[in-house]
Each structure stands twice: as structure tokens, then as C-alpha cells.
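Remember, the working numbering sits 3 above the position in the sequence shown when you count from 1.
Virtual Cβ for every residue (Gly too), placed ideally from N, Cα, C.
See structure below.
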Amino acid sequence: LAQVVQARTNGNVFFIVQFVFMLVQSELLSYNIGLGAWSFDVNVIKEGTSAAENVVDIMTKRLEHSESAVQILPTAAFLGGRFSLEAICILMAKEWNADINEAEKKVRAMLEDCQNQGLIESRGFDSFEFVHNQVQEASQNRIAVNHLADFQYEIGYTLLSSFGDEELGEMVFAVANLLYVKPSSVIDATTR
4 LAQVVQARTN GNVFFIVQFV FMLVQSELLS YNIGLGAWSF DVNVIKEGTS
54 AAENVVDIMT KRLEHSESAV QILPTAAFLG GRFSLEAICI LMAKEWNADI
104 NEAEKKVRAM LEDCQNQGLI ESRGFDSFEF VHNQVQEASQ NRIAVNHLAD
154 FQYEIGYTLL SSFGDEELGE MVFAVANLLY VKPSSVIDAT TR
């Protein structure tokens with residue numbers, strides 16, 4: 004198994020951790036409590052996996068196995084490497100057409116699930132961060148290229164209309180970048 008892991012990850016520690024997580028999620032590697040040992044079939048692992056060119060490939064596979072990650076992390080990824088609970092709740096409430104309190108309960112549960120999977124970490128009170136920029140990139144890559152500009156603009160516009168100037172704080176540059184993915188002819192003068 005060690006040789007397969009080495010071949011698939013080129014010895015990169017972050018790749019190794021993500022690759023092993025993926026093996027467990029794919030049920031190619033499991034812990035047998037009765038034997039007190041790990042169970043696996045090296046040949047099945049060799050056939051079922053390929054050498055990952057980068058961690059994004061591994062993370063994309065991991066993200067596909069998590070409903071929470073698929074629903075929430077692509078939106079969070081466009082807020083930057085670090086994002087607030089408040090911002091993601093506002094965005095998800097709009098996406099789900101839900102009350103903000105209802106959305107917050109669901110978002111908190113999903114963020115906890117993503118933390119348990121090693122995709123994000125809590126950074127103080129109601130602030131979260133992707134464990135690696137490659138996880139953020141893999142999350143962003145879940146959005147189809149032909150919908151990307153609309154998706155980013157909608158995030159930026161929702162945040163701009165939900166927060167006052169002071170509340171935007173350090174998010175102001177992220178919001179501006181999200182809004183300016185659209186041609187300037189689409190953005191009204193007030194928003195600009």
C-alpha cells in the first residue's frame with residue numbers, strides 16, 4: 004500500500020492525507036475492528052485510482068462524495084480563503100430561498116461536516132478558512148465555466164446589497180472583484 008500511495012502522491016504530505024481520505028470515502032481502505040487492522044486490496048486500489056497530477060484532482064474527488072461540500076463550498080470559495088458565517092448564511096439563504104435563521108442552522112451543520120472531513124477549519128468566532136488553497140480551487144472548479152461570471156456577480160451583488168459600507172469591511176475588495184466579472188455596461192453606475 005505504501006508503494007501505491009507514494010506512486011500516486013509523489014510523497015507530498017498534503018497529497019498523501021487527501022489520497023488516504025479519498026480511499027476511505029471510496030471504501031477502498033477500511034479499518035477492521037475485529038482484526039484490529041486496516042483492510043485493503045492493493046490491486047483494487049491500483050485499478051481504482053490514478054496518479055494525481057495535483058491535489059485539485061484529489062480534492063475534487065473528495066468534494067464529490069460530500070453533499071455538504073458540494074452545496075456550500077463552491078459559494079464560500081469565491082469569498083476568499085477565509086470567509087465569515089454571516090456572509091455564507093446570507094448567500095445560502097438567498098440560494099435556498101430560506102429564512103436567514105433557518106439557513107444558519109443548515110449552514111452550521113454543513114460547515115461542521117466540512118470541518119470533520121478536513122476541508123475547512125474554524126478560525127475564531129464564526130470565521131472559517133479552507134485548509135489549503137487547493138481545496139478552495141477545487142471548490143471553485145465545481146462551477147461550470149459558462150455559468151461562472153453570472154455566479155460570481157450574483158454573489159457580489161447579494162453581499163453588496165446585504166451589507167452596509169462599514170459591514171463590508173475587508174470584504175470590499177472581494178465583492179468588487181466579484182462584481183467586475185461582468186462587463187461595465189451591465190453594471191449600473193450606482194453599483195460601480
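{"Item": "Own chain partners of L171 with C-beta closer than 7 Å, once the 5 adjacent residues on each side are dropped", "Value": "V178"}
{"Item": "Contact set for L76: own chain, Cβ-Cβ below 6 Å, skip 5 residues either direction", "Value": "S142"}
{"Item": "Delimiting residues of the alpha helix (DSSP H) encompassing R11", "Value": "A5 to T12"}
{"Item": "Beta-carbon gap between Q139 and S69 smaller than 8 Å", "Value": "no"}
{"Item": "Within 8 Å, strictly: CB atoms of G51 and S33", "Value": "no"}
{"Item": "Inter-stretch contact at 8 Å, needing at least 3 Cβ pairs: the segment 79-97 / the segment 36-44", "Value": "no"}
{"Item": "Within 8 Å, strictly: CB atoms of N144 and T12", "Value": "no"}
{"Item": "Cutoff 7 Å; reference I158; Cβ partners in own chain excluding five residues on either side", "Value": "T78, F81, L94 and L181"}
{"Item": "Option in N136, Y160 and E115 with minimal Cα separation from S71", "Value": "E115"}
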